[in-house]
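Note that the working numbering numbers the sequence shown so that position 109 is 173, with each residue one more than the last. Every residue gets a Cβ at the ideal spot worked out from N, C-alpha and C, and that includes glycine. Inspection log for the structure reproduced underneath, given as structure tokens.
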Amino acid sequence: MATQQPNSAAAGDVSSAAPAAIPRTGSLPGDPISQRFEHLIEQVHEHRPTENPAPIRKAWDFCVRFHEGQRRASGEPYIIHPLEVAEVLAEMKLDATAIAAGLLHDAVEDTPVTTDEIATEFGEQVAHIVEGVTKIDKIQFANREDRQAENVRKMLLAMVSDVRVVLIKLADRLHNMRTLEHLKPERREAIARETLDIYAPLAHRLGMGKVRGELEDLAFRYTDPVSYQQVAEAVEARRQDGQQFMAQVEETIREQLRENNIEARVEWRIKRLYSIWQKLLKSQVGVDQVFDLLAIRIITQTKTDCYAALGLIHMLWRPVPGRVKDFIAIPRANLYQSLHTTVMGENGHQFEVQIRTEEMHKIAEEGIAAHWKYKAGESVISARDEQRLAWVRQLVDWQREMTDPNEFLSSLKMDLYPEEVYTFTPRGKVVIVPADGTPVDFAYTVHTEVGHTCVGAKVNGRMVPLRTKLRNGDIVEIITQNGHTPSRDWLTFAKSPRARNKIKHWLNENQRLRAIEVGRKLLEREARKFKVPMNRIEDTDLARLAGDYGLATATDLLAGVGFGKQSARQILNRLAPELMLTTPEEAEAAPETGAAAMSEAVRRLHLTGSDSLQVEGQNDLLVYRARCCNPIRGEEIVGYVTRGKGVAVHARSCPNVQNLLYESDRRIAVEWAPTASEVAGRAQRYPVRITVHCDDRSGMLKEMTAIISSDDTNIRAVETRDGANGEAIVEFVVEAEDVRHLNRMVTGLRRLPGVREVQRAQKV
Ligand code: MN
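Shown next, in the form of structure tokens:
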């Protein structure tokens, strides 16, 4: 194979014998645009003889009509852009659907055409792909951080359900980069930067070495013009020298291969400017010291020949130690396979040699686009799955299962990151939440404080409940409110470990803070009662005492008192035994400063209802209605700090309360919250058992039921039995809203003729 003069197009492929270059603007005579389109059709036919070109022609007519009169920044007719995108796609050997979609990719964005019209005219698949491309166009990539860019790439892959969307987007970007010079300098740099951050690595990830290389070199020119110039000049200076040398090397290799009966193509190239620059940055040497600007490529027919060729090379030139790499045995994550070695040539010229088979070469150049070009089973990519990323393996598996490459292509769903959902802040920053993640997960990912104070969320501009599951591409806005705090309820739907930990931590911390507060008040109250001077309760003493209880700090001890695990009196006894002269009995008999002092000392607990009572704004301090008396809203109540079980709330009239009084330091003031909490539009109701003694006559039960129901009261259970003296005993379990509601019922029942006695049972 003859070596061609490497062309000097700065951004182009400088291979000496690269496969047909991706077509460029305006090279045909006559009506160049129509001719180029006809050439496109020919190319598709060449690659896919069975493909029906009708959709491509139809899409072209559509394009011509709707982009009529539009011009690009370069002054060219706009139609050149979709045409060139389609040409790049044809070069990738894609199907008619992809090429039609490529022609139409800007139609929804830039013309009055709607997705629905495209669906009607071209079918759902084309419409779906065009929609995907349009969607990507709308994303604003706000952040340039590397990690962020990686997220965006993953998001792009996760978001699109058809790989052709990504390929069209890459083709689109390629043409835009080729014509970037026509834009204003600021726009140029931004687009070039985005290309380096997102699109070139995306192409790399998909194994599309050729597209990646061109994107990188085009972008390099605009993101860092000074370095670009420097590298380009250095390469140019060494080109003359290198050219002769490489021609010789190439000839030597070709001879040796012939003598050894190895069938292979040999080509040489100057490496891409951007990859040379990356190497310079990494090795921190001047461009004149970069040894392998030059690279030889040997493309064989079989894998065995690759290794044989490597042996030949190493016999001809001395390999540089540490530079031999076997990517055939261990392919790269993107399926790249090749043998690499760097050898020392005559005159101290080092050069790199890459050896691979034709198939490996195609995959290296075209990546994912190459996968559907091979029949199932025979592709080199079936070997060595171990080292590959799971998603690539999945692609290969699918390919094996499909006998028809078109079927493979059209059924290819890019569900590459099913465990993550990619969402955006309103300013375009990517926020990753786990699958089924909610706005709460989003909020905690943004910032802990945003999580703690979040009260609501807008998704794509609409208010949604906090438990809403987010989807890829959602734009999420969190509404916060100062002073708002996390709710235990969030744990039922928050998915990310971070959010869950933060919520739990806050709840625990808050519960503890309250316990410490309560503990300190209890201790102070006890001290007042026994006339122990407050200065006897020093934190240092408490800290010492804490050790005796196996606790770490004074606050741990106070928390223990607050939770009811340690007794305030005991602690006081140990802190100031000589002052604790009064016995508990005497103390109890002492003037009752109790209830009043208590209510001042201890912040009142507001009961907000429900079966497990809650203290307002505080779900974690366990407060419950004592089972012995089941107090209901409106009744006078007292709280009692139990040992380790939280606060029991009793009716003041409950007989047990009297027994509890001797440990009055455990009493705590509680009150009902000013308004009943509403559950499903209805005030919280409490079950109450009512026992009615009445005459045993017909219709009695019906009349009683009517009276109870007349007040919109639900009856949970009714039970009747015979009593003594011809008396009937009826027990109702009714739902009472509060004590007034209950009293109305009881009064109504008492007025009923034949009713002798109505009692409320303490237990339910
Ligand atoms: Mn476009």
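Remark: C-beta atoms of Ala623 and Ala579 approach each other more closely than 8 Å. Along the stretch 505 to 538, the alpha helix (DSSP H) occurs as fully enclosed runs of 4 or more residues at 512 to 516, listed in sequence order.
A straight line joining the alpha-carbon of Asn325 with that of Thr364 spans about 11 Å.
Rounded to whole angstroms, the separation of the alpha carbons of Arg251 and Arg387 is 40 Å. DSSP lists Ala715 as the beta-bridge partner residues of Ile701. About 11 Å separates the Cβ atoms of Ile779 and Ile771, ruling out a contact at the 8 Å cut-off. Counting of Cβ neighbours within 10 angstroms places Gly139 among the exposed residues, the total staying below 16.
When the Cα atoms are used, Arg269 and Ala610 turn out to be separated by approximately 59 Å. Distance from the CA atom of Asn637 to the CA atom of Ile601, rounded to whole angstroms, is 11 Å. Counting only runs of 3+ residues, no beta strand (DSSP E) is found wholly inside the stretch 550 to 612. In this model, Arg584 and Gly614 are separated by some 19 Å (Cα to Cα). Closer than 7 Å to some heavy atom of the ligand MN: that describes the Cβ of Asp170. Taken through DSSP and simplified to helix, strand or coil, His169 comes out as coil. For Leu639, the enclosing alpha helix (DSSP H) has its first and last residue at Ala632 to Leu639. Contact annotation: Thr755 and Ala690 have beta-carbon atoms that are not nearer than 8 Å. The closest heavy atom of the ligand MN lies 7 Å or more from the beta carbon of His131. Take the alpha-carbon of Met408 and the one of Pro383: they are about 6 Å apart.
Collapsing the DSSP output to three states places His413 in coil. Counting only the Cα atoms, Val625 lies some 38 Å from Ile543. Bounds of the beta strand (DSSP E) holding Ala792 are Glu791 to Ala800. Counting only residues of its own chain and dropping the five nearest sequence neighbours on each side, Val803 has a CB closer than 7 Å to the CB of Ile696, Arg697, Gly698 and Glu699. The C-beta separation of Arg749 from Ala800 comes to about 6 Å, placing the pair in contact by the 8 Å criterion. As for any alpha helix (DSSP H) of minimum length 4 sitting wholly inside the stretch 320 to 370, the runs are 337 to 347, ordered along the chain. According to the DSSP assignment, Arg820 belongs to the beta strand (DSSP E) that extends over Val819 to Ala825.
Shortest Cα-Cα distance from Asn411 to any of Thr777, Leu816, Glu429 and Met310 involves Met310. Counting along the chain, Ile779 sits inside no alpha helix (DSSP H); it lies in the beta strand (DSSP E) bounded by residues Ile779 to Asp786. When DSSP reads this structure, Lys389 sits in a beta bridge with His404. Excluding the 5 residues flanking it on each side, Val108 has same chain C-beta neighbours closer than 7 Å at Glu115, Pro117, Ile120, Ala154, Ala160 and Ile163, in chain order.
Per DSSP, Tyr263 lies in no alpha helix (DSSP H) and is assigned neither H nor E. Rounded to the nearest whole angstrom, the C-alpha separation of Val582 and Val510 is 34 Å. A contact between stretches requires three or more CB pairs, one per stretch, nearer than 8 Å, and the stretch 493 to 503 meets this requirement with the stretch 524 to 542. For Ile542, the enclosing beta strand (DSSP E) covers residues Val540 to Thr544. Relative to the ligand MN, the nearest heavy atom lies less than 7 Å away from the CB of His145.
Between Val504 and Asn536, the C-beta spacing is not below 8 Å.
Look at the beta carbons and you see the stretch 227 to 244 touching the stretch 254 to 263: at least three pairs across the two are nearer than 8 Å. Between Glu430 and Lys274 a beta carbon distance of about 7 Å is seen, short of the 8 Å cut, so the two are scored as contacting.
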